[in-house]
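Student: Here it is: the structure, laid out below.
Residue numbers (this note's numbering): 67 to 153.
The structure is reproduced here in structure tokens:
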């Protein structure tokens with residue numbers, strides 16, 4: 067399979083992150099007026115463009131979620147791994 071080929075079918079691995087990634091891709095496509103099944107009927111160039119943009123969107127959202135999680139964890143943990151207790 068050529069390097070620049072975009073595969074539209076689901077990956078065999080089912081992880082929480084991959085499930086969320088697919089949902090974010092679907093969210094992007096829906097925002098643009100498309101759904102997964104529409105991609106097969108679009109011209110290849112248009113479908114590839116949409117999927118690349120959707121994957122970028124999903125990657126940025128996943129990075130944002132991860133950064134927020136790390137930031138919250140950092141706030142909760144005090145020095146030496148103790149939790150900070152707010153009054």
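For glycine and all other residues, C-beta sits at the position ideal for the given N, C-alpha and C.
In terms of residues, what are the limits of the alpha helix (DSSP H) holding residue 85?
Tutor: Taken as a continuous stretch (DSSP letters only), the alpha helix (DSSP H) holding residue 85 covers 82-97.
Student: Relative to the C-alpha of residue 117, which residue among 103, 129 and 138 is closest?
Tutor: Of the listed residues, the one whose Cα sits closest to residue 117 is 103.
Student: Could you check if residue 94 is buried or exposed, using at least 16 other CB atoms within 10 Å of its CB as the buried criterion?
Tutor: Its Cβ being crowded by 16 or more others within 10 Å, residue 94 is buried.
Student: Can you list, in chain order, the residues of its chain whose CB lies under 7 Å from that of residue 120, leaving out five sequence neighbours each side?
Tutor: Around residue 120: 91, 94 and 95.
Student: Please report the straight-line C-alpha distance between residue 127 and residue 84, rounded to a whole angstrom.
Tutor: Their backbone Cα atoms lie some 13 Å apart in a straight line.
Student: Taking only the alpha-carbon atoms, compute the straight-line gap between residue 106 and residue 100 and give it to the nearest angstrom.
Tutor: Each residue's Cα considered, the two are about 11 Å apart.
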